[in-house]
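*Asks:* So the protein lines, in turn, are chains A and B.
Using my numbering, you'd call the opening residue of the first sequence number -16 and step up by one each time.
Using my numbering, you'd call the opening residue of the second sequence number 2 and step up by one each time.
Don't be surprised by glycine CBs; every beta carbon is placed ideally from N, CA and C.
A single structure is presented below for examination.
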Amino acid sequence: MWNIYLRAKEISGCGISGIIHRKGELIPGEMIIKSICCQYERGNGLGAGFAAYGIYPEFKDFYALHVMGQCRESLERVEEFLHKRTYVSFQEPIPTRRVKTIKNPPLFKRYFVRPKFEGEIVEAEDGQSEDDFMVNLVMEINEKISGAYVISSGKNMGVFKGVGFPDEIAEFFRIDEYQAYIWTAHNRFPTNTPGWWGGAHPFTLLDWSIVHNGEISSYGTNKRYLELFGYKCTLLTDTEVVAYILDLLIRRHGLPLELACKVMAPPFWIEIDEMDEEDRELYTALRMVYGGAVLNGPFAILFAYNGGLVGLNDRVKLRPLVVANKGDLYVMGSEEAAIRTILPDPERVWAPKAGEPVIVEMEEATIPNQKSYLKVRPKEEREDALRIGSYPLSLFTSK
Amino acid sequence: MPLELEVTPFHYSQVNKIIREHISKGEREFVLRGVNGHRYLFAGVSAEVSAVIYGTPGLDLGAFMRGPVIRVFGSVQDGAGNTMDHGKIIVHGMAGDVIGYAMRGGKIHIFGDVGYRVGIHMKAYMDKVPVIIIGGKAGDFLGEYMAGGIIILLGMNTIYPERPIAGLFLGTGMHGGAIYIRGKVRENQLGLGLKPYALDSDDEKLLESYLKEYCDDFGLDISEILKEDFIKIIPYTHRPYGKLYAY
């Protein structure tokens, strides 16, 4: 059994990279490997990982579950559970290579599933409840099946992560054999907790994936807040909460992406005081209603979903983040060098302001099951969201 | 003849080893090409050498150095000039966060914009006065906890037309040294205990001599820079935080 019970939050000085092509062109795995390996010294061999979007086009309408198991038996328990609760269309071991420096890796399998509602498949028009179903399923496996964790659960995407340097993990999971229209990668330097396979980044839920450099000091507050909404933090690393906060704020409560970022990295009160009345009311309400979702502490995060890549800093920029683009190709990273190693002649290179998200979404109707969270949701969805929690309508009317 | 190195295939520790070996053999001029993310270049070097770097050097360029003059055709990353004692870094691009951290001597001239916390913990010692000149704009916490030295912020060569010349918390915790800004800042950007002042003739003389050197480095016209008025930001009492417990 993994002995993970006594672990507290992590403090880290990690490296992150992300790439997106706005027109959905496939980017070879070598590119993200090169970018994250350029930041080799930002990690210490105790964790690395990759998230790839667009890698399972043949199963694009199925939830792709990447499951990590400590042993054969724990995976069998997961399989038994999945066969009871879902339709499993296809399953296979995740292809890996032997890597000398990676000793005793866990077992990895992927399952392509659809939810089973009392024996009936609910059709796609009720997408929301399928997503809710999958969230509950993932939480249940992670909490109740010992020795097994779902490390990603979105459609047409997957996460590959473990203990090692990024080149080792890339070699192990054969990242060079994948092509994706969005990639994120992480090189971990845990300084407060031992690195373990589940604690490596990216962290995911549905198609949300997140890589993080920094430390979420508010982990305890965020965890308790999320528990009120049924999220269970089982991976014992601070970054996990960000994935669930994104799911709660954006998918369930329907906040536009930019406002959700402002919840996590709110403007200072001195900035709010200077806003015009409408904005002042909005940001005051956000801080009051979503106090439990504020991320405190240093962070630079990249998060992705089917259709977009977002970079965000804490509001005093205690961790670095650089962004560049050339045409429709956008690259984000902890260091400019990590960008230039794959994009030597960018059109524009810039350092985003603290607390201001850099949102790069793909052009409309580029990929299957594409999502966009830029706009305010339609009225019905807003009313749905309002039933979940109670917060002022003005949240949705501004901008 | 300068020593020319193509460093792309090498790890930074190898590059630094080669540089140090050649310095100990008496080499005084270096040209480094293909630099990308190589950390700690010229860190701790105590010698009057000069270097031209093409590319993007990694973190802590010239940290703790005493003497080298480094010209970078590209941008520098976080921590350039960290605790440097003597020498100069000339940057033809932009610069990242915490540039000149705890610097106590030497100069850093940057053509473009800089990130957050530039000049944090800068200090002066005896006849040593560190100077950072920024051609573009600066992020929050410029000159935080500054105890000595000079920061000059021009706000001219910027890629961020939408941003103010300096961010919030300007000079927070500052109790020595001076920040000169070409233009104006809002009162609420300043850290507690600080005030903007108009320049006196001594300030003007000082500023002109530093800016002249800056302009020589980049081939700029000083009269263009001096067209606009500067302000000087310093603590307004000798002991600005005597009664301050916390923000």
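Could you tell me whether any Cβ in chain A is nearer than 7 Å to the Cβ of Ser14 of chain B?
*Replies:* Output row for Ser14 of chain B: interface = no.
*Asks:* Expressed to the nearest angstrom, what Euclidean distance is found between the alpha-carbon atoms of Ile19 of chain B and Phe65 of chain B?
*Replies:* One C-alpha to the other measures close to 18 Å.
*Asks:* Could you tell me the boundaries of the alpha helix (DSSP H) in which Arg5 of chain A lies?
*Replies:* It is not in any alpha helix (DSSP H) - Arg5 of chain A carries neither H nor E in the DSSP assignment.
*Asks:* Taking 6 Å as the cut-off, is the C-beta of Asn158 of chain B nearer than that to any heavy atom in the ligand COA?
*Replies:* This structure lacks the ligand COA, and indeed carries no ligand of any kind.
*Asks:* Determine the DSSP secondary structure at Pro149 of chain A, reduced to helix, strand or coil.
*Replies:* Helix at Pro149 of chain A.
*Asks:* Under the rule that 16 or more other beta-carbon atoms within 10 Å means buried, what is Lys67 of chain A, buried or exposed?
*Replies:* Lys67 of chain A should be labelled exposed.
*Asks:* Considering only residues of the same chain and omitting the five flanking positions on each side of Gly274 of chain A, which have a CB-CB separation below 7 Å?
*Replies:* So no residue of the chain qualifies.
*Asks:* Cutting at 8 Å between CB atoms, please list the residues of its own chain near Asp256 of chain A, excluding the five before and the five after it.
*Replies:* Only Arg263 meet the Cβ criterion.
*Asks:* Classify Asn139 of chain A: buried if its beta carbon has 16 or more other beta carbons within 10 angstroms, exposed otherwise.
*Replies:* Buried, since its Cβ has 16 or more Cβ neighbours within 10 Å.
*Asks:* Can you give me the start and stop residues for the alpha helix (DSSP H) that Thr267 of chain A sits inside?
*Replies:* Looking at the DSSP string, the run of the alpha helix (DSSP H) that includes Thr267 of chain A is 260 to 272.
*Asks:* Below 8 Å on the Cβ atoms is my contact criterion, and I expect Val53 of chain B with Gly68 of chain B to pass it. Report the Cβ-Cβ distance as a whole number of Å.
*Replies:* The Cβ separation is near 16 Å, so there is no contact.
*Asks:* Going by DSSP, what residue range makes up the beta strand (DSSP E) through His66 of chain A?
*Replies:* No beta strand (DSSP E) contains His66 of chain A, which is instead part of the alpha helix (DSSP H) from 55 to 68.
*Asks:* Since Phe95 of chain A is in the beta strand (DSSP E), which residue starts that stretch and which ends it?
*Replies:* That run of the beta strand (DSSP E) goes 90 to 98.
*Asks:* Expressed to the nearest angstrom, what Euclidean distance is found between the alpha-carbon atoms of Thr349 of chain A and Gly7 of chain A?
*Replies:* Answer to the nearest angstrom: the Cα atoms are 6 Å apart.
*Asks:* For Asp230 of chain B and Asp114 of chain B, what's the separation of their Cα atoms in angstroms?
*Replies:* About 20 Å.
*Asks:* When you compare each of A:Val194, A:Trp166, A:Lys215, A:Ser192 to Gly203 of chain A by their alpha carbons, which one comes out closest?
*Replies:* For the residues A:Val194, A:Trp166, A:Lys215, A:Ser192, the minimum Cα distance to Gly203 of chain A belongs to A:Lys215.
*Asks:* When Cβ atoms are compared, which residues of the region 74 to 105 of chain B fall closer than 8 Å to chain A?
*Replies:* Answer set for the region 74 to 105 of chain B: Ser76, Gln78, Asp79, Met95, Gly97, Asp98.
*Asks:* What residues in the region 41 to 61 of chain B have a beta carbon less than 9 Å from any beta carbon of chain A?
*Replies:* The residues in question are Gly56, Thr57, Pro58, Gly59, Leu60.
*Asks:* Using the three-state DSSP reduction, which class does Ser129 of chain A fall into: helix, strand or coil?
*Replies:* Coil at Ser129 of chain A, not helix or strand.
*Asks:* Shorter than 7 Å from the beta carbon of Tyr146 of chain B to some beta carbon of chain A?
*Replies:* Cβ-Cβ to chain A under 7 Å: no for Tyr146 of chain B.
*Asks:* Name the chain A residues that come within less than 7 Å of Asn189 of chain B, Cβ to Cβ?
*Replies:* Ile253, listed in chain order.
*Asks:* In terms of residue numbering, what span does the beta strand (DSSP E) encompassing Tyr36 of chain A cover?
*Replies:* Unbroken beta strand (DSSP E) run through Tyr36 of chain A: 31 to 36.
*Asks:* Quick one: what does DSSP say Glu205 of chain B is sitting in, helix, strand or coil?
*Replies:* Glu205 of chain B: helix per DSSP, three-state reduction.
*Asks:* Express the C-alpha separation of Asp218 of chain B and Pro173 of chain A in angstroms, rounding to a whole number.
*Replies:* Spanning the two alpha carbons is a distance of roughly 42 Å.
*Asks:* For Tyr(-12) of chain A, which residues of its own chain have a beta-carbon under 6 Å away from its beta-carbon, when the five flanking residues on both sides are left out?
*Replies:* Only weak support exists for where Tyr(-12) of chain A lies, its pLDDT of 45 falling under 50; the coordinates are left without a value.
*Asks:* Count the other CB atoms within 10 Å of the CB of Cys(-3) of chain A; is the residue buried (16 or more) or exposed (fewer)?
*Replies:* Classification of Cys(-3) of chain A: buried, given that the 10 Å Cβ count is 16 or more.
*Asks:* Among the residues of its own chain, which have a CB less than 6 Å from the CB of Asn83 of chain B, if the five just before and after it don't count?
*Replies:* So the qualifying residues of the chain are Asp61, Ala64, Tyr102.
*Asks:* Look at the alpha carbon of Ala226 of chain A and the alpha carbon of Tyr215 of chain B, and state the distance between them as a whole number of angstroms.
*Replies:* Using only the alpha carbons, I get a separation of about 47 Å.
*Asks:* Going by the CB atoms, is the gap between Pro58 of chain B and His39 of chain B shorter than 7 Å?
*Replies:* Against a cut-off of 7 Å, the Cβ pair of Pro58 of chain B and His39 of chain B comes out as a contact.
*Asks:* Using C-beta distances below 6 Å, list every residue in its chain close to Ile253 of chain A, excluding the 5 sequence neighbours before and after it, in chain order.
*Replies:* Excluding sequence neighbours, Ile253 of chain A sits near nothing in its chain.
*Asks:* Using a Cβ-Cβ distance cut-off of 7 Å, determine whether Gly156 of chain B contacts chain A.
*Replies:* Not one chain A Cβ lies under 7 Å of Gly156 of chain B.
*Asks:* Starting from the C-beta of Leu208 of chain B, find all residues in its chain whose C-beta is less than 8 Å away, skip the five residues before and the five after it, and write them out in chain order.
*Replies:* Counting only Cβ-Cβ distances below 8 Å, and skipping sequence neighbours, we find Ile153, Tyr181, Leu200, Phe231.
*Asks:* Inspect the beta-carbon positions of Tyr36 of chain A and Tyr161 of chain A and report whether they are closer than 7 Å.
*Replies:* No, the Cβ-Cβ distance between Tyr36 of chain A and Tyr161 of chain A is not below 7 Å.
*Asks:* Under a Cβ-count criterion, where at least 16 other Cβ atoms within 10 Å of its own Cβ denotes burial, should Pro250 of chain A be classed as buried or exposed?
*Replies:* Pro250 of chain A should be labelled buried.
*Asks:* Indicate whether at least one CB of chain B lies closer than 7 Å to the CB of Pro149 of chain A.
*Replies:* Not closer than 7 Å to any Cβ of chain B, the Cβ of Pro149 of chain A fails to qualify, so no.
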